[in-house]
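*Asks:* Residue numbers (our numbering), protein chains in the order written: chain A, 31 to 382; chain B, 31 to 382.
In this text, a Cβ means the ideal position worked out from N, Cα and C, and glycines have one as well.
Protein chains: 2
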Amino acid sequence: MSLESIRYERGRLEILDQLLLPLQTRYVKVQGVEDGWKVINKMQVRGAPAIAIVGCLSLAIELLKDECSDKKIMRQEIEGKLNYLVSARPTAVNIKLAADDLINLANSLSADENVTANDFKERFIKSIENMLIKDIEDNKAIGKFGCEAILNSLEGDSHVRVLTHCNTGSLATAGYGTALGVIRSLHAAKRLEHVYCTETRPYNQGARLTAYELVHEKIPATLIVDSMVSALMHARSITAVVVGADRVAANGDTANKIGTYQIAIVARYHNVPFYVAAPLTSIDMALSTGDKIKIEERPDREMTHIGEHRIAAPGINCWNPSFDVTPAALITGIITEKGVFAPDRLYEEVPK
Amino acid sequence: MSLESIRYERGRLEILDQLLLPLQTRYVKVQGVEDGWKVINKMQVRGAPAIAIVGCLSLAIELLKDECSDKKIMRQEIEGKLNYLVSARPTAVNIKLAADDLINLANSLSADENVTANDFKERFIKSIENMLIKDIEDNKAIGKFGCEAILNSLEGDSHVRVLTHCNTGSLATAGYGTALGVIRSLHAAKRLEHVYCTETRPYNQGARLTAYELVHEKIPATLIVDSMVSALMHARSITAVVVGADRVAANGDTANKIGTYQIAIVARYHNVPFYVAAPLTSIDMALSTGDKIKIEERPDREMTHIGEHRIAAPGINCWNPSFDVTPAALITGIITEKGVFAPDRLYEEVPK
Numbered sequence: 031m032s033l034e035s036i037r038y039e040r041g042r043l044e045i046l047d048q049l050l051l052p053l054q055t056r057y058v059k060v061q062g063v064e065d066g067w068k069v070i071n072k073m074q075v076r077g078a079p080a081i082a083i084v085g086c087l088s089l090a091i092e093l094l095k096d097e098c099s100d101k102k103i104m105r106q107e108i109e110g111k112l113n114y115l116v117s118a119r120p121t122a123v124n125i126k127l128a129a130d131d132l133i134n135l136a137n138s139l140s141a142d143e144n145v146t147a148n149d150f151k152e153r154f155i156k157s158i159e160n161m162l163i164k165d166i167e168d169n170k171a172i173g174k175f176g177c178e179a180i181l182n183s184l185e186g187d188s189h190v191r192v193l194t195h196c197n198t199g200s201l202a203t204a205g206y207g208t209a210l211g212v213i214r215s216l217h218a219a220k221r222l223e224h225v226y227c228t229e230t231r232p233y234n235q236g237a238r239l240t241a242y243e244l245v246h247e248k249i250p251a252t253l254i255v256d257s258m259v260s261a262l263m264h265a266r267s268i269t270a271v272v273v274g275a276d277r278v279a280a281n282g283d284t285a286n287k288i289g290t291y292q293i294a295i296v297a298r299y300h301n302v303p304f305y306v307a308a309p310l311t312s313i314d315m316a317l318s319t320g321d322k323i324k325i326e327e328r329p330d331r332e333m334t335h336i337g338e339h340r341i342a343a344p345g346i347n348c349w350n351p352s353f354d355v356t357p358a359a360l361i362t363g364i365i366t367e368k369g370v371f372a373p374d375r376l377y378e379e380v381p382k
Numbered sequence: 031m032s033l034e035s036i037r038y039e040r041g042r043l044e045i046l047d048q049l050l051l052p053l054q055t056r057y058v059k060v061q062g063v064e065d066g067w068k069v070i071n072k073m074q075v076r077g078a079p080a081i082a083i084v085g086c087l088s089l090a091i092e093l094l095k096d097e098c099s100d101k102k103i104m105r106q107e108i109e110g111k112l113n114y115l116v117s118a119r120p121t122a123v124n125i126k127l128a129a130d131d132l133i134n135l136a137n138s139l140s141a142d143e144n145v146t147a148n149d150f151k152e153r154f155i156k157s158i159e160n161m162l163i164k165d166i167e168d169n170k171a172i173g174k175f176g177c178e179a180i181l182n183s184l185e186g187d188s189h190v191r192v193l194t195h196c197n198t199g200s201l202a203t204a205g206y207g208t209a210l211g212v213i214r215s216l217h218a219a220k221r222l223e224h225v226y227c228t229e230t231r232p233y234n235q236g237a238r239l240t241a242y243e244l245v246h247e248k249i250p251a252t253l254i255v256d257s258m259v260s261a262l263m264h265a266r267s268i269t270a271v272v273v274g275a276d277r278v279a280a281n282g283d284t285a286n287k288i289g290t291y292q293i294a295i296v297a298r299y300h301n302v303p304f305y306v307a308a309p310l311t312s313i314d315m316a317l318s319t320g321d322k323i324k325i326e327e328r329p330d331r332e333m334t335h336i337g338e339h340r341i342a343a344p345g346i347n348c349w350n351p352s353f354d355v356t357p358a359a360l361i362t363g364i365i366t367e368k369g370v371f372a373p374d375r376l377y378e379e380v381p382k
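#1: Counting only C-beta atoms, is Gln74 (chain A) closer than 8 Å to chain B at any point?
#2: Closest to Glu178 (chain B) by C-alpha separation, out of B:Tyr305, B:Asp374 and B:Glu97, would be which residue?
#3: Counting Cβ pairs closer than 8 Å, one from the stretch 203-223 of chain A and one from the stretch 169-176 of chain A, do we hit at least three?
#4: So if DSSP puts Lys151 (chain A) in a beta bridge, which residue, or which two residues, is it bridged to?
#5: Give every residue of the same chain whose Cβ lies closer than 8 Å to the Cβ of Gln54 (chain B), excluding the five residues on either side of it in the sequence, and list them in chain order.
#6: Name the residue from B:Gly363, B:Asn234 and B:His300 whose alpha carbon lies nearest to the alpha carbon of Ser352 (chain B).
#7: Mind checking the stretch 319-349 of chain A against chain B and listing, in chain order, the residues whose C-beta falls within less than 7 Å of any C-beta there?
#8: I'd like to confirm the pairing. Which residues does DSSP put opposite Ala194 (chain B) in its beta bridges?
#9: Just list the alpha helix (DSSP H) runs in the stretch 208-285 of chain A, keeping only unbroken ones of 4 residues or longer that don't cross its boundaries, in chain order.
#10: Do you know whose CA, among B:Phe150, B:Ala285, B:Gly77 and B:Leu127, lies nearest Gln106 (chain B)'s CA?
#11: So which residues of chain B does Val296 (chain A) contact, with C-beta pairs closer than 8 Å?
#12: Using a Cβ-Cβ cut-off of less than 8 Å, list which residues of the stretch 260-282 of chain B approach chain A; keep chain order.
#13: Which residue marks the beginning of the beta strand (DSSP E) containing Thr362 (chain B), and which one marks its end?
#14: DSSP beta-bridge partners for His335 (chain B)?
#15: In this structure, does DSSP put Asn201 (chain A) in helix, strand or coil?
#16: Is the beta carbon of Leu33 (chain B) sitting closer than 8 Å to the one on Cys348 (chain A)?
#17: Taking Cβ-Cβ distances below 9 Å as the criterion, which residues of the stretch 189-223 of chain B are in contact with chain A?
#18: Please determine, among A:Pro120, A:Glu223 and A:Tyr377, the residue with the shortest C-alpha to C-alpha distance to Thr319 (chain A).
#19: Note down the Cα distance separating Ile144 (chain B) from Met315 (chain B), rounded to an integer number of angstroms.
#20: Using the three-state DSSP reduction, which class does Gly369 (chain A) fall into: helix, strand or coil?
#21: Identify every residue that forms a DSSP beta bridge with Val58 (chain A).
#22: Taking DSSP as the reference, what is the three-state secondary structure of Cys348 (chain B)?
#23: Nearest to Arg231 (chain A) by CA position, among B:Thr334, B:Met104, B:Arg214 and B:Thr311, is which residue?
#24: Can you list, in chain order, the residues of its chain whose CB lies under 7 Å from that of Lys126 (chain A), leaving out five sequence neighbours each side?
#25: Could one say the Cβ of Arg56 (chain B) lies closer than 8 Å to chain A's Cβ atoms, at least one of them?
#26: Looking at Arg238 (chain A) and Ala343 (chain B), is the spacing between their C-beta atoms short of 8 Å?
#27: Quick check: Leu139 (chain B) and Leu87 (chain B), are their CB atoms within less than 8 Å of each other?
#28: Examine the Cβ distances between the stretch 58-65 of chain B and the stretch 358-370 of chain A and report whether three or more of them are shorter than 8 Å.
#29: Determine the DSSP secondary structure at Tyr38 (chain A), reduced to helix, strand or coil.
#30: Between Met258 (chain A) and chain B, is any beta-carbon pair separated by less than 8 Å?
#31: So what's Thr356 (chain B) in DSSP terms, helix, strand or just coil?
#32: Asn350 (chain B) and Glu332 (chain B): beta carbons closer than 8 Å?
#33: List the residues of chain A whose Cβ lies closer than 9 Å to the Cβ of Glu229 (chain B), in chain order.
#34: With a threshold of 8 Å, are at least 3 pairs of Cβ atoms found where one atom belongs to the stretch 272-284 of chain A and the other to the stretch 244-259 of chain A?
#35: Would you grab the beta carbon distance between Lys368 (chain A) and Leu310 (chain A) for me? Rounded to a whole angstrom, and I think it's under 8 Å.
#36: Count the other CB atoms, across all protein chains shown, that sit within 10 Å of the CB of His189 (chain A); report buried if there are 16 or more and exposed otherwise.
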């Protein structure tokens, strides 16, 4: 079964400690908001959707134990605790948006005289639980649409060889994954021959996390270093590239993990279709083109060291942009939970 | 001054211990053939030209101390010692070829009745010393021709920004370097604005060795990971790419460190000239095209570990080809010690 990065049933929450991966697989119990804040702050859970969901679920855990029967006090506590949770990773925008929605919900439930304190609590917890369910449903829909698009482009019922970059799987989402969700769907449909994953320097999310997920689920997979993509495409026929997205502009330009742009260029050179898999929430229609996206630059140490071990010559300067922008012209299709869109049709066709 | 990987004057030889780079700079004394065998076998010296030169110089050191005055015995000792030196790294072809040449020389000097034992020794040592001089001269000529070719393609006297891959500098040759020799020449001509070097996964020759050389010589330089090349070419205008070669086929196809092919593709996409710098001895006219080159695959551990530290998920398969072949069509020019050749004119124009 799919790797569970978040284990939840009402009253019980555990998360897979990503700081220990890939060498140890250990779950951490989250018994309330304070634990939720800690696992987010210490980066035991990573990935914007996963952070938002774990934070809010930790509140659901705490609310269930809460004996309070005064709606006004409950509303006040909820607002305070959500703001506290957001402070654990101030730059993660998804948890901020989720907190705003939940505060609005608490306000309206509190104001509605037909809602009892018990109803309030039940409907509030249910709403958080639905975030988890919806994220996985969306990812499964992305998987289904991506699988169909790739298989429809084939003649006959041959098997596919897919390349992916970075980590877009269970570990970055509530479960299943985006680009890795497409790969899971192909595997479930018994049409996947092999996956190639790049190590994704400098932070090695591919070697550490994607490789871990693929080994865990016994999906036939091979790790390559980032500079082997074109040698691979020359040596073995690759059916498609599928990657995730940090942000998609209205014209289809896509910001994603550094190296994505390079893979798109070599895919075009070798006539390999190049897909981006992302939920509709990643498409920013207010952003006309990818040029408008500011590229974050990360510390040199991420490149010069592995843990405490220095791998680069002392004194050398580094340039360490964390992502790059792939122009829409290099993208075959953008796979969402509502279907696959041609990048130049995104603005017209995506449901607003 | 240029980094000295080999320090030689008659009777005295020291080599820079490459096992300690980039964290420590320490020279090892080579006092004869046995020391020569050890530094080659332990890989304290690396790079095919450097191995051949250090091995033969260790013989020159030993011969100078030798009191023997019988030419026949000297000839016999030379042959035995050269075969012993070749055995230190059986796959390094340059030292084998150099040994064959020197054995032929010893045979003819021994057979020539007009040559005294002292003449024999002097001419033999001189011949080894000339290997060192010729390698550096050839590299300087490569540097000069490469520098001219890059500067001639510019309008006005603007400065250049160059990208290189892997290590092709003093540490891989007798000194100065091939692609890095071109960069040194541009720097000496005060026309180099900046060098970008890739870290060159999986063995990190760029981060460890090229970055070390560039820092040592105060050449303005920045390290990037291999997947940042296209982001760099998009963000900053790059004047040219210069790389080395393991082997060039008669049609100009070039085998070089894994990742070179990918850089050539993205250079073409961004209209950046792509040069290969290599001595004529690297051009194999017997090889019609690059398809005929067998690609060596290296152990997984090179990708999964840094030293003793595991960086990839346990259980993942790896593919680890050590080089790839860049098709001639992506190469702007091949820079040799006799000038710069268009890849498709190589066979006709290179002096046989």
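*Replies:* Looking at the atomic coordinates:
#1: no
#2: B:Tyr305
#3: With the cut-off at 8 Å, the stretch 203-223 of chain A and the stretch 169-176 of chain A touch.
#4: For Lys151 (chain A), which the question treats as bridged, DSSP gives no partner whatsoever.
#5: Asp47
#6: B:Asn234
#7: Met333, Ile336, Gly337, His339, Arg340, Ile341, Ala342, Ala343, Pro344, Gly345, Ile346, Asn347, Cys348 and Trp349
#8: Per the sequence shown, the amino acid found at residue 194 (chain B) is Thr instead of Ala. Note: Thr194 (chain B) sits in a beta bridge opposite B:Cys227.
#9: Runs of the alpha helix (DSSP H) inside the stretch 208-285 of chain A: 209-218, 241-246 and 259-265.
#10: B:Phe150
#11: Simply Gln292, Ile295 and Val296.
#12: Answer in chain order: Ser260, Ala261, Leu262, His264 and Ala265.
#13: Boundaries for Thr362 (chain B): no beta strand (DSSP E) harbours it, and the DSSP string shows neither H nor E there.
#14: B:Arg340
#15: The residue asked about is misnamed: residue 201 (chain A) is Leu in this sequence, not Asn. In this structure, Leu201 (chain A) counts as coil in the three-state DSSP scheme.
#16: It is not a contact, given that the beta carbons lie outside the stated cut-off.
#17: Cβ contacts with chain A: His195.
#18: A:Tyr377
#19: The sequence shown places Asn at residue 144 (chain B), rather than the Ile named in the question. Cα-Cα distance, rounded: 38 Å.
#20: strand
#21: A:Ile45
#22: Strand, per DSSP.
#23: Of the candidates B:Thr334, B:Met104, B:Arg214 and B:Thr311, B:Thr334 places its Cα closest to the Cα of Arg231 (chain A).
#24: Only residues of its own chain outside the window of five on either side were considered, and among them Val116 have a CB closer than 7 Å to the CB of Lys126 (chain A), listed in chain order.
#25: For Arg56 (chain B), not one C-beta of chain A is nearer than 8 Å to its own C-beta.
#26: yes
#27: no
#28: no
#29: strand
#30: yes
#31: DSSP, read as helix, strand or coil, puts Thr356 (chain B) in strand.
#32: yes
#33: Arg231, Pro232, Met333, Ile341 and Ala342
#34: no
#35: 6 Å
#36: Classification for His189 (chain A): exposed.
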